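Q: Okay, so the sequence shown: first residue is 1 according to the UniProt record's numbering, each after it adds one. Ideal Cβ positions, reconstructed from N, Cα and C, are used throughout, including at glycine. These numbers were taken from a predicted model, which means no experiment stands behind them. Got a structure for you, questions after.
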Amino acid sequence: MDSNPARLLLRVSLLFRFEKFFFFCSPSPSLAAKTPEPPLAARLFHAAAPRRPTSSSSAPPISDAADPGGRSSFAPFIAMTRHAGARRRGGAGVVVVVSLLLLLLLSAAAIAAEGVEAAVFDDAHLLPRPLVIELPTTTTSSSAAAAEEGEGDAVPAEVRCASWRLAGEANNLAPWKSLPEECAAYVREYLTGVAYRSDLEVVAREASAYARTTRVGDDGRDAWVFDVDETLLSNLPYYADHGYGLELFDHREFDKWVERGEAPAIPSSLKLYNEVRDLGFKTFLLTGRSEGHHGVTVDNLKKQGFHDWDKLILRAPADRKKTATIYKSEKRKEMEEEGYRILGNSGDQWSDLLGFSTSARSFKLPNPMYYIP
1 MDSNPARLLL RVSLLFRFEK FFFFCSPSPS LAAKTPEPPL AARLFHAAAP RRPTSSSSAP
61 PISDAADPGG RSSFAPFIAM TRHAGARRRG GAGVVVVVSL LLLLLLSAAA IAAEGVEAAV
121 FDDAHLLPRP LVIELPTTTT SSSAAAAEEG EGDAVPAEVR CASWRLAGEA NNLAPWKSLP
181 EECAAYVREY LTGVAYRSDL EVVAREASAY ARTTRVGDDG RDAWVFDVDE TLLSNLPYYA
241 DHGYGLELFD HREFDKWVER GEAPAIPSSL KLYNEVRDLG FKTFLLTGRS EGHHGVTVDN
301 LKKQGFHDWD KLILRAPADR KKTATIYKSE KRKEMEEEGY RILGNSGDQW SDLLGFSTSA
361 RSFKLPNPMY YIP
């Protein structure tokens, strides 16, 4: 049995309405079995007719009196009465049929209404439900709270310095004049250990692979540009005495070092230089050293195994106030105006590689000791 009160009430109400409607429309069985009642006119005429005195004679009853034609005087009224009864019985049958049709229609409507109601009750679980979001009880993040409470270890200085060096090599640092004091030991270990040498070798190896796969023209116009300091020659002996970049750059002290002409070659760069020459590239040495150091620079290069370059370009007095980026870009543009195609460029500073008239491929050597804009 259905336990839903609303659904049960609906069924009872519909059944009550159907039963009441059927009772109202259906003819009475006892009435249909009786002789149909004469019409009102016949009853009135019969009541108004004069009655004959009662006697023992065998006179026929009034209903059986015959007219001169041999028919009963009440035959018309009797026929009318019988015809009306037949019509009434036929009308009752029509009412029964119509009532049954209405009952079927109302039953179908009740079933449909019950189905809709059941669907509403059954699908109640599908209605939208409120979204409950549990908000944090505090506005302080767990990491910040842990930092305030002293939980967790701080980032080691070695890791911070490695991140700083990586940012510098990626040219993500703002112009800087000296390395952070806490990174002096890290930079020293990097430059004097195997990591620096390994990084230099990786750059040279990639440049060599590019040079070997590049088609060099027969016109002698394909060129490779090399920087000098920290690219072909190493000034580590000088910077070892000046904190590996911890001290601010001193032009006078550095010029004294240059004049000594004792800068050693970077082995991986010397190998690349000779390979590029053998492949047929024109080699242009473009340095920020002043023209006053031309002679000692040539001697230092040759002493370290660099020979047969096509051009050595040093900074003229007119270029002294230019940034390295502008100065070297202008010199590369002059090469292009002379008909050269710059296919490769190697340097330790981004100012060696960026600007205009850049090469088809550039190779950045590591240098955490100083930055030249």
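(1) Helix, strand or coil: which one does DSSP assign to A176?
(2) In whole angstroms, give me the CA-to-CA distance for L365 and L353.
(3) DSSP beta-bridge partners for F226?
(4) Measuring only the C-alpha atoms, how far is L246 from S351?
(5) Span of the beta strand (DSSP E) holding I313?
(6) If you count every other CB in all the chains shown that lies within 10 Å of the CB of R212, and 16 or more means buried, which is it?
(7) Checking the sheet assignment: what are the DSSP bridge partners for S362?
(8) Tell me whether P368 is buried or exposed, calling it buried when 16 or more other Cβ atoms sit within 10 Å of its Cβ.
(9) Around the Cβ of V187, are there at least 16 other Cβ atoms within 10 angstroms (buried) or fewer (exposed)?
(10) Within 10 angstroms of the Cβ of R332, are there 16 or more other Cβ atoms? Answer buried if so, exposed if not.
(11) Which of the three DSSP states, helix, strand or coil, is assigned to L270?
(12) Between T325 and L179, what straight-line distance do the alpha-carbon atoms span, to the nearest angstrom?
(13) From I372, Y371, F363, P373, pick the residue whose C-alpha is nearest to that of V202; which is it?
(14) Relative to the alpha-carbon of D229, which residue among D219, E262, D241 has its alpha-carbon at the smallest distance?
(15) By how many angstroms is the C-alpha of L102 removed from the C-alpha of A33?
(16) For S329, which residues in the same chain have their Cβ closer than 7 Å to its Cβ, ignoring the five residues on either side in sequence?
(17) Just to confirm my understanding: we take Y371, look at its own chain, exclude 5 residues before and 5 after, and list those with CB closer than 8 Å. What are they?
(18) Can you tell me where the alpha helix (DSSP H) holding L236 begins and where it ends?
(19) Check whether the region 312–323 and the region 286–301 are in contact - that is, three or more C-beta pairs closer than 8 Å.
(20) Which residue from K282, V276, F284, R160 puts its Cα closest to that of E182?
(21) Please classify A324: does DSSP put it in a helix, a strand, or coil?
(22) Put S163 into one of helix, strand or coil per three-state DSSP.
(23) Can you give the Cα-Cα distance for D250 and D241, rounded to whole angstroms?
(24) Counting only the same chain and skipping the five closest in sequence on each side, list residues whose C-beta sits under 8 Å from that of F281.
(25) DSSP three-state call for S357: helix, strand or coil?
(26) Considering only C-alpha positions, which residue in the set F254, R252, E158, I266 is nearest to A204?
(27) If you drop the 5 nearest sequence neighbours on each side, which residues of the same chain put their C-beta closer than 7 Å to that of P373?
(28) What are the boundary residues of the alpha helix (DSSP H) that L200 is part of?
(29) Between the Cα of A162 and the Cα atoms of Y190, G339, G347, which residue gives the shortest distance?
(30) Compute the beta-carbon to beta-carbon distance between E308 and R277, rounded to the nearest angstrom, for a pair I have assumed lies under 8 Å.
(31) How would you call R165, buried or exposed, if buried means at least 16 neighbouring beta carbons within 10 angstroms?
(32) Is the Cβ-Cβ distance between Y196 and L232 less than 8 Å?
(33) Determine the direct distance from the alpha carbon of G305 to that of A360, and round the result to whole angstroms.
(34) Using the Cα positions of G220 and A185, report the straight-line distance between them to the nearest angstrom.
(35) Taking 8 Å as the threshold (C-beta atoms), are G347 and D227 in contact?
(36) Measuring alpha carbon to alpha carbon, tell me which of T297, E275, L200, Y239 ends up nearest A209.
A: Quick answer:
(1) Counting from one through the sequence shown, the residue named residue 176 turns up at place 176. The amino acid occupying residue 176 in the given sequence is Trp; Ala does not appear at that position. Note: W176 maps to coil in three-state DSSP.
(2) Position 365 of the sequence shown, counted from the first residue, corresponds to residue 365. Position 353 of the sequence shown, counted from the first residue, corresponds to residue 353. So the alpha carbons of these two residues sit roughly 11 Å apart.
(3) Taking the first residue of the sequence shown as position 1, residue 226 is located at position 226. Answer by DSSP bridge pairing, in chain order: L285, S346.
(4) On the sequence shown, residue 246 is found 246 positions in, with the first residue counted as 1. On the sequence shown, residue 351 is found 351 positions in, with the first residue counted as 1. So the two alpha carbons sit approximately 21 Å from each other.
(5) Residue numbering aside, residue 313 sits at position 313 when the sequence shown is read from its first letter. It spans 311–315 - the beta strand (DSSP E) in which I313 sits, taken as one unbroken run.
(6) One-based indexing of the sequence shown puts residue 212 at position 212. Counting Cβ neighbours within 10 Å, R212 comes out exposed, since fewer than 16 surround it.
(7) Within the sequence shown, residue 362 is the residue found at index 362, counting from 1. BP columns for S362 point to N345.
(8) On the sequence shown, position 368 is the one that residue 368 refers to. Buried, since its Cβ has 16 or more Cβ neighbours within 10 Å.
(9) As a first step, residue 187 is located in the sequence shown; it is residue number 187 there, counting from the start. V187 comes out buried.
(10) Walking along the sequence shown from the start, residue 332 turns up at place 332. R332 comes out buried.
(11) Mapped onto the sequence shown, residue 270 falls at position 270. Helix, per DSSP.
(12) Counting from one through the sequence shown, the residue named residue 325 turns up at place 325. Counting from one through the sequence shown, the residue named residue 179 turns up at place 179. For T325 and L179, the distance between alpha carbons rounds to 21 Å.
(13) Within the sequence shown, the letter at position 202 stands for residue 202. Cα-wise, what sits closest to V202 is F363.
(14) Translated into the one-based positions of the sequence shown, residue 229 becomes position 229. Nearest C-alpha to D229: E262.
(15) Translated into the one-based positions of the sequence shown, residue 33 becomes position 33. Translated into the one-based positions of the sequence shown, residue 102 becomes position 102. Bear in mind that a pLDDT of 45 at A33, under 50, signals an unreliable position, so the number given afterwards is only what the model happens to contain. Straight-line Cα distance between these residues: approximately 26 Å.
(16) Residue numbering aside, residue 329 sits at position 329 when the sequence shown is read from its first letter. Only G355, F356, S357 meet the Cβ criterion.
(17) As a working mapping, residue 371 is identified with position 371 in the sequence shown. So the qualifying residues of the chain are G168, L173, P175, W176, K177, Q349.
(18) Taking the first residue of the sequence shown as 1, we reach residue 236 at position 236. That run of the alpha helix (DSSP H) goes 236–240.
(19) yes
(20) Numbered from its first residue, the sequence shown carries residue 182 at position 182. Ranking the options by Cα distance to E182, first place goes to R160.
(21) Translated into the one-based positions of the sequence shown, residue 324 becomes position 324. It is helical.
(22) For this step, residue 163 is matched to residue 163 along the sequence shown. Looking at S163 - three-state DSSP - the assignment turns out to be helix.
(23) If you number the sequence shown from 1, residue 250 lands on position 250. If you number the sequence shown from 1, residue 241 lands on position 241. Going by the C-alpha atoms only, they are around 12 Å apart.
(24) Working through the sequence shown from its first residue, we reach residue 281 at position 281. The residues are A211, V216, D222, A223, W224, L343, G344.
(25) The residue labelled residue 357 in the question sits at position 357 within the sequence shown. If DSSP states are grouped into helix, strand and coil, S357 belongs with coil.
(26) Against the sequence shown, residue 204 aligns to sequence position 204. It is I266.
(27) Numbered from its first residue, the sequence shown carries residue 373 at position 373. Closer than 7 Å at Cβ, skipping near neighbours: P175, T323, A324, T325, S351.
(28) As a first step, residue 200 is located in the sequence shown; it is residue number 200 there, counting from the start. Looking at the DSSP string, the run of the alpha helix (DSSP H) that includes L200 is 194–213.
(29) Locating residue 162 in the sequence shown gives position 162, counting from the first residue. That would be Y190, whose Cα lies nearest to the Cα of A162.
(30) For this step, residue 308 is matched to residue 308 along the sequence shown. For this step, residue 277 is matched to residue 277 along the sequence shown. Inspection of the sequence shows that residue 308 is occupied by Asp rather than by Glu. Indeed, because the Cβ distance is near 6 Å, the residues count as touching under 8 Å.
(31) To locate residue 165, count along the sequence shown from 1; it is residue 165. So R165 counts as buried.
(32) Mapped onto the sequence shown, residue 196 falls at position 196. Mapped onto the sequence shown, residue 232 falls at position 232. Not a contact, by the Cβ cut-off of 8 Å.
(33) As a working note, residue 360 is residue 360 in the sequence shown. As a working note, residue 305 is residue 305 in the sequence shown. Whole-angstrom Cα-Cα distance: 27 Å.
(34) Reading the sequence shown from its first residue, position 220 is the one you call residue 220. Reading the sequence shown from its first residue, position 185 is the one you call residue 185. Cα to Cα, G220 sits roughly 47 Å from A185.
(35) The sequence position of residue 227 within the sequence shown is 227, counting from 1. The sequence position of residue 347 within the sequence shown is 347, counting from 1. A contact, by the Cβ cut-off of 8 Å.
(36) In the sequence shown, counting from the first residue as 1, residue 209 sits at position 209. Of the candidates T297, E275, L200, Y239, the one whose C-alpha sits nearest the C-alpha of A209 is E275.
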